[in-house]
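Heads up: the sequence shown begins at 118 in our numbering, then just goes up one per residue.
Beta carbons are placed, not taken as given, at the ideal position from N, Cα and C, and that holds for glycine.
What follows is a set of notes on a single structure, which appears directly below.
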Amino acid sequence: MAVVRRIAIVSDTHMPRGGRRLPRDCVDRLAAADLIVHAGDLCTLSVLRELEALGPVVAVHGNVDDAHVRRLLPTEAMLPLPDGPEVVVVHDGGPSRGRLPRLRARFPNARAVIFGHSHLPLHDRADDGFQIFNPGSPTERRRAPAHTMGMANVADGRIEFELIEVGFDT
């Protein structure tokens, strides 16, 4: 795998459902990234295959993924960042109260944890630099104010997250 410097992050796409598809802005960012991360609730293998057509993918299964996806994908994954920080991907980060210290304790060697499940975008950082990041959802915002995804830059052994609002194509 090539050096990963730019990561596109999505979660909770819940596809296919009716005519739902990823917004064009989201697809463009996924295709331009060195690595695509999906933090669960793809729903079907066709979504994983669609992402893999755009570039290398690291994905975990979520609670609504079908049996094929659950068999193929792990419940947690480590990003392949040989020169970067240890970054873990899970679907459910647990209840919001105490989430940062709980994930810090669960993954003591990680510098960051990417998760989904709530559809609510979040970026939180501990005093020691440990980070948690939820990209929200580009397709099903629920209570979030907008459809979102994440981007991350990896450099000098660090990872910096950015939340991106994506237009929703109708």
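Opposing strand residues paired with residue i [DSSP bridges]
{"i": "A125", "result": "I153 and M268"}
{"i": "D209", "result": "G233"}
{"i": "D241", "result": "I249"}
{"i": "R216", "result": "DSSP output for R216 lists no bridge partner at all."}
{"i": "C160", "result": "M132"}
{"i": "F278", "result": "A269"}
Whole-Å CB distance - residue i paired with residue j, under 8 Å assumed
{"i": "P238", "j": "T256", "result": "At roughly 13 Å, the Cβ-Cβ gap does not stay under 8 Å, so P238 and T256 are not in contact."}
{"i": "D209", "j": "N180", "result": "7 Å"}
{"i": "E203", "j": "A184", "result": "Not a contact, Cβ separation roughly 30 Å."}
{"i": "D129", "j": "G211", "result": "Contact doesn't hold; Cβ gap of about 16 Å is too wide."}
Residues of its chain near residue i, where Cβ-Cβ distance is below 7 Å and the 5 sequence neighbours each way are ignored
{"i": "V283", "result": "P140, D142, C143, P255, H264, T265 and M266"}
{"i": "E193", "result": "V177, V205, V206 and V207"}
Other residues of its chain near residue i: CB distance less than 8 Å, five sequence neighbours each side excluded
{"i": "L165", "result": "H155, L159, V174, A176, V186, L189 and L190"}
{"i": "T287", "result": "Per-residue confidence for T287 stands at a pLDDT of 49, beneath the threshold of 50, marking its modelled position as unreliable; the derived number appears in the next sentence. Excluding sequence neighbours, T287 sits near nothing in its chain."}
Cβ-heavy atom distance, residue i to the ligand NAP, below 7 Å
{"i": "D183", "result": "As for the ligand NAP, it is missing from this structure, which has no ligand bound."}
Sequence-distant residues of its chain with Cβ nearer than 6 Å to residue i (five each side left out)
{"i": "A229", "result": "V204, Q248 and I276"}
{"i": "R137", "result": "T256"}
{"i": "R146", "result": "A125"}
Within-8 Å CB hit, residue i to chain C
{"i": "L168", "result": "Looking for chain C here will not work: only one protein chain is present."}
Exercise for review: State whether the region 118–129 contacts the region 145–155, with contact taken as three or more CB pairs (one from each stretch) at a distance under 8 Å.
Suggested key: yes
Check your understanding: Curious, which full-length alpha helix (DSSP H) runs of at least 4 residues does the region 175–206 contain?
Key -> 184–189
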